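Engineer:
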Amino acid sequence: MNLDPVDEDRIQRIRIELEQQFMRPIPEEEIKKYLPGIPFRRTGVIQLTKLNGTQFVLNSELIETIESTPDTIVTLVTGRKYIVREPVDEVKDKCIQYKKTIFENRIN
């Protein structure tokens with residue numbers, strides 16, 4: 018599975034940090050234990066539209082708040098904000114639909 022360059026860089030930085038801390042190479046199993054879920058982040062995307070009409074995908078796992086002011090502002094846990102055309106309820110429904118898809122795939 019391909020990771021985002023950011024994830025690959027983060028994994029590499031943490032691997033180096035852990036190897037320095039423990040004075041030994043860290044096996045893949047331990048890296049997965051310390052960084053659970055990183056390879057799966059890219060799958061949590063929903064498609065949204067910026068005010069200028071540009072469509073983009075957003076990692077729904079990182080959404081902290083969605084507010085209407087009257088524009089819809091999506092704030093991520095990183096503090097980054099996106100103003101989108103979709104109303105709050107539609108963004109919420111897209112997140113819920115994504116979660117349903119994930120859980121349905123786990124069951125099958």
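If you use the numbering used here, the sequence shown corresponds to residues 18 to 125, in order.
All C-beta atoms, glycine included, are put in the ideal place defined by N, C-alpha and C.
Predicted model only: the values in this text are computed from it and were never measured.
#1: From Val101, Leu35, Ile33, Ile63, pick the residue whose C-alpha is nearest to that of Lys116; which is it?
#2: Among Thr82, Gln37, Ile100, which residue has its Cα nearest to the Cα of Gly70?
#3: Output the boundary residues of the beta strand (DSSP E) element that contains Val62.
#4: Tell me the DSSP secondary structure of Val74 in three-state form.
#5: Any idea which residues DSSP pairs Leu93 with across the strands?
#6: Does DSSP classify Asp26 as helix, strand or coil?
Structural biologist: Looking at the atomic coordinates:
#1: Position 99 of the sequence shown, counting from 1, holds the residue named residue 116. Cα-wise, what sits closest to Lys116 is Ile63.
#2: For this step, residue 70 is matched to residue 53 along the sequence shown. Comparing Cα positions, the closest option is Ile100.
#3: Position 45 of the sequence shown holds residue 62. Looking at the DSSP string, the run of the beta strand (DSSP E) that includes Val62 is 62-66.
#4: As a first step, residue 74 is located in the sequence shown; it is residue number 57 there, counting from the start. Strand, per DSSP.
#5: Your numbering for residue 93 matches position 76 in the sequence shown. Partner(s): Ile80.
#6: On the sequence shown, residue 26 is found 9 positions in, with the first residue counted as 1. Note: Asp26 maps to helix in three-state DSSP.
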